[in-house]
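Enquirer: First, the structure itself, so that you have it in front of you.
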């Protein structure tokens, strides 16, 4: 790091606030608006999708009556209107959001755990394990991952679980790369050397020293990655390879709305807006946390 | 993604101390960098050699995936009502009854000699399918690439000029929104605005370059924007953060300012110039993302590119066509990364001339 | 004193960091005269670099600068970036500590020199190039015409510092500030660069400010010395005078820490105990008191002012060293 002022004030920035003050500051900073606002929006969307249908009855997302088809937003009983087959749009948004959130969370967690472990273990043990892993990652990264996802979704048949499988092929190598790079960076540092020289077992070093250092990076990456996953889930549904048709998903709602884009743009705009709000909040939150934790 | 340059917070000490990095290429330590200390030619040879197992891995993986999938071409072609006898005949004809390894070896030895085979479905040579479809995809790819770079560089420079200023905050907000929008959503929005409401650009269809240059560009503008805008937003944040970092922490920037060079000139001639080297690597690495997005966007705009063929072939289990397309995509990614490394070696004087020995 | 080329009065610099102010320089005054060399000496963090960068307007935006810095009658502090830019490089120039990082690694060295020229003089490309080659010759870079198109990494440390000097002198500035310009160089090269700087100073009649932590360097090459500690000046005198009669215990401690040939072999080198203080949390009283061998209660309660106790010699100390101390 090049200090702009070689002989001046780098020290005071890090200098000794009293422990109590530091704790208070951290508490204050945890509530900073750049973290609070996206987190609140995410909580609102997730809460709406999972809890609202339990607390406040909404019409079923499928099997709507053709008699109430194509209602505009703010119609009585259908606050966001209905689609051309008479399903309540709000209900479809909420149930569709469940799919997006479930897929996003599951794929990110699979990537975080499997990829994270693969990457750190490979970097820590080095040698042939590392070389083989890097080659495999190279292949997966050169492979047009969407093709793989499409092939899996297509072959296994459209279902939420298969979408999760397909998209995990993206998340695992990506997380593995990040974890590997993070672990490699720790390699040269003295506390690692000290732990090693004092005969600490490898798994302990990985757990006690590597994990806390690599985790912030993986978490911020995971938040940003979850946005990408939700977009990709939408893409698969959009291509008809995600959630099978009558069941709702933001992606297939957008795809269905495409046909009536010029006549009824709301059918595309409403799910798009929810998709955008979710992904944007994830990105903002990831970015804010990264700034907070000083992660690159 | 973009990192906000700024003082590291005094949080957990392990992250508070950024590693030192060499001047010029502040924050994008790419995987390719270590290789680059050796002269360009040797690098090329090495990289080409290391690309071979990667390409082989990609074709193998594709074959495995296509083989593991339930159903086969015969089933897809003849439909659900076909009798077992009919299926058997077709399978024999298409060599589908042979073991996996035999078929893969057959395909691989052919591909190694440049014979990519014939489509299982249409019987058309794969090379002629690629010949028809690839130019459209390539054109869209190049257009998208140029568009994203041409948008990103000036915006990033303008934003980095006054960090925290109005332009900066506005472009950071907009780029965050752009980054968060799905390409297919953006595609539909663009169609809604420019094709349905304003009626200035076509919503679907492709006009070949040979027929009309203007028409060609018009027909590709919306698809290119759909992919190029989110990509540009990603680049804006990345490049802006790196320029700001250079402006704040590099000594040669202070030298330039002390010389009395105008602020804009310092930014463009010094900071941006040095940021471009890292940016180049990112551009290369992101070509893969771009290709992935093309597959989804092409069908939305009914472009006769390779994306539609790929989706149809996966659905038909036409392994020969899928293999060829995947191979082309992987080749583009591998070559693009090689090219960026080479360009890097050609452009960056520190590598071009080799480092002085002590 | 009003006729000085550079007249700095009560210069103070604070940095805004995470909502609080961290002082770096507290009320520093000094002058620089044409043809004379001024040394500003002190440990890391004493504020010497910040003071000079404040004058040049090269501090980051988080810096708050107050006081006055008049250059040939023009007040520099508070000038707009664009007005300041016209002075930087043309009237005031600076050479930095680390020539390896201070040159743009991806730009030809000649271009970096001619860029300095073209920022101020209305010369076309080829005229600027000729002039850049002349400058490179002036700082004794061999074969300047051939080396014009080379890149910084093809030069040795000493040659890079010559380039930095050529860039600084591009428009014949009236004041040159050399910020630890020889610190990263080996001893032989250090002497060569210092000789070059003094030669060029005599040739061009510039004022020269030498920022250094090395009292030995100051003693051999300068006319006047300022010693800084914790953001303030603690002793100020003509070089000859200062070294014959050190008053401030801090200066004496610095001087004792310079290795000397006349010491008996293997005698331990005296060091200054403790560390330089954090200017953000200075104790009351004299900032040097916690490390000072002759500190008394008064030193810890009341900060001594910088006063001209003897003609031409100012210091800030309640209990100065007596005359005749080794120096």
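Protein chains in written order, with my numbering: chain A, 1 to 296; chain B, 297 to 654; chain C, 655 to 981. C-beta: ideal position from N, C-alpha, C; glycine also.
Give the residues from the region 769 to 780 of chain C that approach chain B closer than 8 Å (Cβ to any Cβ), ordered along the chain.
Expert: 769, 770, 773 and 774
Enquirer: What distance in whole Å lies between the Cβ atoms of residue 108(A) and residue 259(A), which are believed to be in contact at a cut-off of 8 Å?
Expert: Between residue 108(A) and residue 259(A) the Cβ distance is about 32 Å, and since that is not below 8 Å, they are no contact.
Enquirer: Please identify, using Cβ separations under 8 Å, the residues of the region 836 to 850 of chain C that lie next to chain B, in order along the chain.
Expert: none
Enquirer: Using a Cβ cut-off of 8 Å, which residues of the region 447 to 466 of chain B contact any Cβ in chain A, in chain order?
Expert: none
Enquirer: Would residue 913(C) be called buried (16 or more neighbouring beta carbons within 10 Å of its own) or exposed?
Expert: Here residue 913(C) is exposed. Its C-beta has fewer than 16 other C-beta atoms within 10 Å.
Enquirer: Please classify residue 878(C) as buried or exposed, where buried requires at least 16 neighbouring CB atoms within 10 angstroms.
Expert: buried
Enquirer: Would residue 821(C) pass as an interface residue toward chain B - the criterion being a Cβ-Cβ separation below 8 Å?
Expert: yes
Enquirer: Since residue 925(C) is in the beta strand (DSSP E), which residue starts that stretch and which ends it?
Expert: Neither: residue 925(C) is in no beta strand (DSSP E) and is coded neither H nor E.
Enquirer: Just tell me which of 38(A), 239(A), 281(A) and 207(A) has its CA closest to the CA of residue 476(B).
Expert: Residue 476(B) has its Cα closest to that of 281(A), out of 38(A), 239(A), 281(A) and 207(A).
Enquirer: Could you please tell me which residues of the region 556 to 586 of chain B, in chain order, have their CB closer than 8 Å to any CB of chain C?
Expert: 556, 557, 558, 559, 561, 565, 566, 569, 570 and 573
Enquirer: Which class does residue 249(B) belong to by DSSP, given the choice of helix, strand or coil?
Expert: Nothing can be reported for residue 249(B), as the shown portion of chain B is limited to 297 through 654.
Enquirer: Quick check: is the beta carbon of residue 218(A) nearer than 8 Å to any beta carbon in chain B?
Expert: no
Enquirer: Using only CA atoms, which one of 489(B), 627(B), 623(B) and 639(B) lies nearest to residue 422(B)?
Expert: Among 489(B), 627(B), 623(B) and 639(B), the Cα nearest to that of residue 422(B) belongs to 623(B).
Enquirer: Determine which residues of the region 533 to 559 of chain B have a Cβ less than 8 Å from any Cβ of chain C, and write them out in chain order.
Expert: 544, 546, 547, 548, 550, 551, 552, 553, 554, 555, 556, 557, 558 and 559
Enquirer: Closest to residue 958(C) by CA distance: which of 941(C), 710(C), 708(C) and 838(C) is it?
Expert: 941(C)
Enquirer: In three-state DSSP terms, what is residue 883(C)?
Expert: The three-state reading of DSSP puts residue 883(C) in strand, counting E and B together.
Enquirer: Along chain C, which residues have their Cβ under 9 Å away from the Cβ of residue 644(B)?
Expert: Residues of chain C passing the Cβ test: 759 and 760.
Enquirer: Assign residue 471(B) to buried or exposed, taking buried as 16 or more other Cβ atoms, counted over all protein chains shown, within 10 Å of its Cβ.
Expert: buried
Enquirer: To be precise: take each residue of the region 350 to 369 of chain B, compare its Cβ to all Cβ atoms of chain A, and keep it if any distance is under 8 Å. Which residues remain?
Expert: 350, 351, 353, 354, 357, 358, 361, 362, 364, 365, 366 and 367
Enquirer: Round the Cβ separation of residue 492(B) and residue 261(A) to the nearest angstrom and send it over; I've been treating them as touching at under 8 Å.
Expert: Yes, they are in contact, since the Cβ atoms of residue 492(B) and residue 261(A) sit about 7 Å apart, within 8 Å.
Enquirer: Let me know the secondary structure DSSP gives residue 78(A) once reduced to three states.
Expert: strand
Enquirer: Taking all protein chains shown into account, decide if residue 210(A) is buried (16 or more other Cβ within 10 angstroms of its Cβ) or exposed.
Expert: buried
Enquirer: Where does residue 654(B) fall in DSSP's three states?
Expert: Here residue 654(B) scores only 32 on pLDDT, less than 50, and its place in the model should not be relied on; the value that follows carries that caveat. In the structure shown, residue 654(B) sits in coil (DSSP, three-state: anything other than H, G, I, E or B).
Enquirer: Using the Cα positions of residue 983(C) and residue 867(C), report the straight-line distance between them to the nearest angstrom.
Expert: Since the displayed chain C opens at 655 and closes at 981, residue 983(C) lies outside it and no answer follows.
Enquirer: Could you name the residues of the region 469 to 483 of chain B whose beta carbon sits closer than 7 Å to any beta carbon of chain A, in the order they occur along the chain?
Expert: 472, 473, 475, 476, 477, 478, 480 and 481
Enquirer: Can you find the residues in the same chain that come closer than 8 Å, C-beta to C-beta, to residue 319(B), ignoring five residues on each side of it along the sequence?
Expert: Caution applies to residue 319(B), whose pLDDT of 36 falls short of 50 and renders its modelled position unreliable; the model cannot decide the point.
Enquirer: Quick one: grab the DSSP three-state call for residue 637(B).
Expert: helix
Enquirer: Is any beta-carbon of chain C found at less than 8 Å from that of residue 640(B)?
Expert: no
Enquirer: Quick check on the burial criterion: 16 or more other C-beta atoms within 10 angstroms. Buried or exposed for residue 154(A)?
Expert: buried
Enquirer: Return helix, strand or coil for residue 972(C), following the three-state DSSP convention.
Expert: coil
Enquirer: Starting from residue 674(C), follow its DSSP beta bridges and name the residues at the other end.
Expert: According to DSSP, residue 674(C) bridges with 671(C).
Enquirer: Express the C-alpha separation of residue 487(B) and residue 498(B) in angstroms, rounding to a whole number.
Expert: 8 Å
Enquirer: So, is residue 72(A) buried or exposed, given that buried needs 16 or more other C-beta atoms within 10 angstroms?
Expert: exposed
Enquirer: Under a CB-based cut-off of 8 Å, is residue 253(B) close to chain A?
Expert: In the structure displayed, chain B extends from 297 to 654; residue 253(B) sits before or after that span and is not available.
Enquirer: Rounding to the nearest angstrom, what Cα-Cα distance links residue 561(B) and residue 111(A) in this structure?
Expert: In a straight line, the C-alpha of residue 561(B) is about 44 Å away from that of residue 111(A).
Enquirer: Using a 10 Å radius around the Cβ and a threshold of 16 neighbouring Cβ atoms, would you call residue 380(B) buried or exposed?
Expert: exposed
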